[in-house]
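Have a look at the structure below, then the notes.
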């Protein structure tokens, strides 16, 4: 064996140290990359966060301009729904059209362009089975007697509405709240002669707010929107009716996936909190 010179030994030692440093650097780089890989591509080009994983936005809905036909009693709460949903789904725009459920049904039958429908009763929705997808109940509601601020006529019960000296306004029988109102009055065998019959619950509320009526039967949530203008007289549960609110997509929607995403979102805990904060009951 040939003798090894001191210079060769030094050279080998230097190369050995360089090799160890490079190996250590490679290990460190791998350790840094592992956390990035864990939150990066999940195998099909998108990150887990983008696909609605933990910590991600709920805004995975397709972008679209959606038109939603909604019962008049949802007018105020759906303003909050609009803000929250658009905030979570950039690129999506919600446009609501509010009216009595019977008017909304007529619009659907006439082919009015829209993407989703929310009514204040299941009867109206059931009559549109050939036009809508499978509905989901998103909320419930109850009736109250709305009186002028301060309740100057001292109305305490449904029976008081039979007083011929009172101006009572109800919704028309074809309007869900009008049908519910008649049901509770009939159940108590009470005859009330309204001075007018309105096409929506907001029409009833407006008459009372303006002093054109002494009282009217509305949903609890509607009376709550005008606390400085009307008082709400509670109707006992045993004498009351429960209104259910079904939501469904329209089969003729040009944005079916986006519409389905919105209707599904209405059943989520976040949307439910918005509805219940406004006084609606759990589905």
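In the working numbering, the protein residues as written are 252 to 534.
Where is the CB? At the ideal position from N, CA and C, for every residue including glycine.
Span of the alpha helix (DSSP H) around residue i
{"i": "residue 406", "result": "Element bounds for residue 406: n/a, residue is neither H nor E."}
{"i": "residue 511", "result": "507-516"}
{"i": "residue 475", "result": "471-475"}
Start-to-end residues for the beta strand (DSSP E) that takes in residue i
{"i": "residue 493", "result": "493-500"}
{"i": "residue 590", "result": "Nothing can be reported for residue 590: it is not among the residues displayed for the chain, which extend from 252 to 534."}
{"i": "residue 317", "result": "316-322"}
{"i": "residue 435", "result": "Element bounds for residue 435: not the beta strand (DSSP E) but the alpha helix (DSSP H), 427-438."}
Residue i vs residue j beta-carbon contact at 9 Å
{"i": "residue 481", "j": "residue 459", "result": "yes"}
{"i": "residue 375", "j": "residue 355", "result": "yes"}
{"i": "residue 314", "j": "residue 509", "result": "yes"}
{"i": "residue 466", "j": "residue 419", "result": "yes"}
{"i": "residue 502", "j": "residue 381", "result": "yes"}
{"i": "residue 537", "j": "residue 344", "result": "There is no way to answer for residue 537, as the model of the chain reaches only from 252 to 534."}
Candidates the options, of which the one nearest residue i by Cα
{"i": "residue 425", "options": "434, 497, 383 and 462", "result": "434"}
{"i": "residue 408", "options": "526, 490, 314 and 320", "result": "490"}
{"i": "residue 484", "options": "319, 469 and 494", "result": "469"}
{"i": "residue 373", "options": "391, 457 and 529", "result": "391"}
{"i": "residue 498", "options": "389, 377 and 381", "result": "389"}
{"i": "residue 319", "options": "339, 406, 471 and 383", "result": "383"}
{"i": "residue 532", "options": "437, 397, 471 and 417", "result": "471"}
{"i": "residue 516", "options": "316, 324 and 333", "result": "333"}
{"i": "residue 324", "options": "504, 350 and 337", "result": "350"}
{"i": "residue 410", "options": "401, 400, 361 and 432", "result": "432"}
{"i": "residue 487", "options": "439, 353 and 347", "result": "439"}
{"i": "residue 416", "options": "428, 403 and 423", "result": "403"}
For residue i, the three-state DSSP class (helix, strand or coil)
{"i": "residue 528", "result": "helix"}
{"i": "residue 485", "result": "strand"}
{"i": "residue 533", "result": "coil"}
{"i": "residue 503", "result": "coil"}
{"i": "residue 398", "result": "strand"}
{"i": "residue 520", "result": "helix"}
{"i": "residue 448", "result": "strand"}
{"i": "residue 344", "result": "strand"}
{"i": "residue 309", "result": "Caution applies to residue 309, whose pLDDT of 46 falls short of 50 and renders its modelled position unreliable; the value that the coordinates give is listed next. Three-state DSSP puts residue 309 in coil, outside helix and strand."}
{"i": "residue 328", "result": "helix"}
{"i": "residue 380", "result": "coil"}
{"i": "residue 304", "result": "Low per-residue confidence applies at residue 304: pLDDT is 35, beneath 50, and the placement is therefore not dependable, though the value from the model is reported in the following sentence. Three-state result, residue 304: coil."}
{"i": "residue 359", "result": "helix"}
Any C-beta of chain C under 9 Å from that of residue i
{"i": "residue 498", "result": "Among the chains of the structure shown, chain C does not appear; only one protein chain is present."}
DSSP beta-bridge partners of residue i
{"i": "residue 354", "result": "For residue 354, which the question treats as bridged, DSSP gives no partner whatsoever."}
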